[in-house]
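For reference, the structure discussed in these notes is given below.
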Amino acid sequence: MPPRLAAISGKLKGAIFAINEETLVIGRETAADLCIADASVSRRHSKIERKEEGFVITDLESLNGTFINDVPVKTRLLEHGDRVRIGDSQFLFLMHEGEATAKSSEVKLDEAHVVSGSTVQIRFDDAVYLMARDLSVLMKVSTTINSIRGLDDLLERLLELLFEVVPAERGAILLTNDGSFETSLVFGLDRAHGKDQAVNVSMTIVQQVLRDGVALLASDTAVEPTLATESLIAARAHSVMCVPLIMFGRKLGVLYLDTTRARDQFNRDHLQLVAAIAGIAAVAIENARHFEWLQTENERLLADVNIEHNMIGEGAAMQRVYHFISKVAPKDSTVLITGESGTGKELAARAIHRNSKRAQKPFMAVNCAALTESLLESELFGHEKGSFTGAFAQKKGRLEVADGGTVFLDEIAELSAPLQVKLLRVLQEREFERVGGTVTIKVDLRLIAATNKNLEEAIEAGEFRQDLYYRLNVVSLEMPPLRERREDIMLLANYFADKYGARCNRRLQGFSAEARACLTAYDWPGNVRELENAIERAVVLGATDLILPEDLPESLLERATTPAPPQSGIGYHEAVVQAKKQIILNAMDQKGNFTDAAKHLGVHPNYLHRLVRNLNLRDRLKK
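Under this note's numbering, the first residue of the sequence shown is numbered 10, with each subsequent residue one higher.
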């Protein structure tokens, strides 16, 4: 029987995967040999290879790492029974027949402290008696509430259990937000009428119990002048009990019980029992709240993962972009996308369209900087026959063709003033006329605009209308530059290498260590577009199975010096960079200014400025 991976937890639990090939790639992408549809798993997470010494697992620079028996590894020889953890999934590596036990049991350290009874002080003899008397009640409460995950269901069942052991007519549970007196959740229940009857709660008592962290029992509110509040009088409460919910010294809220019947007056035993139940309930309530938060967070993350897009990136910056798209795509709001050139603004716009209810309708992209004002007006709004020289027939504009869909206006800052006025009307009324026409055309469309300029500065300079800016900037997204998401550089580089390697019929094994250092150290002023061009150049000019530093553009090597191999003392590219630096410094020392130094070197002054910037020589030239 071939070696195999047996899933023991996670989404694939119970499945067994045989390792029949020389290499088994594990990841989130559908092309992986073992695909795990989990947000915590990278697209290409790790791989298992058959080698002479056995099967070796290698982490493919994943975001969350690969663990063997709970120890993070880069490369490791697998043995029978090893427990492999990838994201939220765990597998047992099996080499031969028979059950295998993991070499190391999963160990979880619990640093929780024992909750001390700060609400009620009980002598040891009393405590022993209380435990014997109420043990069955506490066991029932603990077993019942710890089996409920939904917070509302838990609170309702807790009050029902309290009604079984305490003669209360009404009960309420008030949960706070980080100990604040402003409650974030209130749940009330009436013994006779259930949830249909309102429950009056004295905020004076609640605030006192929350502030002091000590339970309060008023057996007869009539003889307690300090408790004769309007709410108690209105509720005709005869006996009131309020107990804090405390876990690890943190106040989660209070349990509040009252009754109007004098014969059912609360006593010390009731208070002791409810205080004990509150200690148990606090943990269950906090767990339920945390579980609901995890469910909400999981749904949010799954929504981010499941959106359709052509963007590449797994870092925090791109996760924020995916989250924004998942939130804004289902709505019809106008979106303004900002960011440097080459950051993928059009890809984000297309992703918003693809995940919207307009996905089956047209997506029209118009570059406002690519056409003259007259041509752009005709392209957007269309024209009537004979409206100008060369208008031999009626033409529908992009806005009209995109009816029901989405229009993406790139470089919106380049619109002329007259076109800004016409576009403002489209945004306000969703109507326009063709060039040379008189018929008003109404359209149903969503507009997405993009720019790499600061529109607020353009408004101050009088180049852009303020009212149009407010209409465009309903919700805005700033695409992160590549230098702020360096963890995605090699992910993008590998994608482009595969893409252009297939076009050029070259089988590439990846990047050399020196080339990787160059790529990750460079600031990429042209962002993803510059990276794509650099990789395409490297694929076309390269001659080996690996992409080497000499295959990359010279400007990139000037800015990102590669590390020298240990055995050679200094690397070729580093030596070239050092020589360039020395030549420039010598020329500047001799001539004293950029213009004369550039003339001496036989280069244009602008090129010399770029070399100084790329080689980080500004500080040295100031000395």
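Beta carbons: idealized from backbone N, C-alpha and C, even for Gly.
Owing to the predicted nature of the structure, the values given are computational and were not obtained by experimental measurement.
Residue range of the alpha helix (DSSP H) that includes residue i
i, result
"residue 499", "498-512"
"residue 383", "382-390"
"residue 537", "536-550"
"residue 529", "522-530"
"residue 216", "212-221"
"residue 410", "407-410"
"residue 465", "464-469"
"residue 359", "354-363"
"residue 481", "475-481"
Status (buried if at least 16 other CB within 10 Å, exposed otherwise) for residue i
i, result
"residue 212", "exposed"
"residue 397", "exposed"
"residue 604", "exposed"
"residue 29", "exposed"
"residue 401", "exposed"
"residue 94", "buried"
"residue 625", "exposed"
"residue 247", "buried"
"residue 302", "exposed"
"residue 161", "exposed"
"residue 488", "buried"
"residue 119", "Because residue 119 carries a pLDDT of 32, less than 50, the predicted location of this residue cannot be relied on, and the following value inherits that uncertainty. Exposed: under 16 other Cβ atoms inside 10 Å."
"residue 586", "buried"
"residue 335", "buried"
"residue 384", "exposed"
"residue 437", "exposed"
"residue 144", "exposed"
"residue 637", "Not covered by the structure: residue 637. The range shown for the chain is 10 to 632."
"residue 23", "exposed"
"residue 114", "Here the model assigns residue 114 a pLDDT of 31, short of 50, so the residue's position is not dependable and the matter cannot be decided."
Residue i versus residue j: straight-line alpha-carbon distance, rounded
i, j, result
"residue 267", "residue 260", "21 angstroms"
"residue 457", "residue 184", "43 angstroms"
"residue 79", "residue 88", "15 angstroms"
"residue 529", "residue 601", "34 angstroms"
"residue 182", "residue 173", "16 angstroms"
"residue 53", "residue 496", "14 angstroms"
"residue 225", "residue 91", "55 angstroms"
"residue 523", "residue 558", "6 angstroms"
"residue 43", "residue 27", "10 angstroms"
"residue 207", "residue 218", "22 angstroms"
"residue 409", "residue 416", "10 angstroms"
"residue 282", "residue 151", "13 angstroms"
"residue 576", "residue 521", "With a pLDDT of 43 at residue 576, under the threshold of 50, the predicted position of this residue should be treated as unreliable, and no value is reported."
"residue 599", "residue 629", "15 angstroms"
"residue 463", "residue 539", "22 angstroms"
"residue 391", "residue 433", "17 angstroms"
"residue 279", "residue 228", "11 angstroms"
"residue 571", "residue 519", "Below a pLDDT of 50, predicted positions are generally treated as unreliable, and residue 571, at 43, falls in that range; the measurement from the model is reported next regardless. Cα to Cα, residue 571 sits roughly 17 angstroms from residue 519."
"residue 272", "residue 176", "9 angstroms"
"residue 534", "residue 525", "18 angstroms"
"residue 339", "residue 372", "15 angstroms"
"residue 635", "residue 201", "Only positions 10 to 632 of the chain appear in this structure, which leaves residue 635 out of reach."
"residue 596", "residue 564", "20 angstroms"
Boundaries (first-last residue) of the beta strand (DSSP E) holding residue i
i, result
"residue 265", "259-268"
"residue 171", "Element bounds for residue 171: not the beta strand (DSSP E) but the alpha helix (DSSP H), 160-174."
"residue 1", "Given that the chain is displayed from residue 10 to residue 632, the structure contains no residue 1 and the question cannot be resolved."
"residue 248", "248-256"
"residue 92", "92-95"
"residue 64", "63-68"
"residue 335", "Note, residue 335: premise wrong, no beta strand (DSSP E); alpha helix (DSSP H) at 325-337."
Sub-8 angstroms separation of residue i and residue j beta-carbons
i, j, result
"residue 481", "residue 345", "yes"
"residue 354", "residue 414", "no"
"residue 607", "residue 594", "no"
"residue 265", "residue 337", "no"
"residue 491", "residue 506", "no"
"residue 252", "residue 287", "yes"
"residue 537", "residue 513", "no"
"residue 375", "residue 357", "no"
"residue 196", "residue 169", "no"
"residue 256", "residue 317", "no"
"residue 444", "residue 393", "yes"
"residue 297", "residue 159", "yes"
"residue 47", "residue 55", "no"
"residue 460", "residue 422", "yes"
heavy atom of the ligand NAD below 7 angstroms from residue i C-beta
i, result
"residue 333", "As far as ligands go, the structure on display features none, and thus does not contain the ligand NAD."
Self-check item: Continuous beta strand (DSSP E) assignments of at least 3 residues falling wholly in the region 419-454
Solution: none
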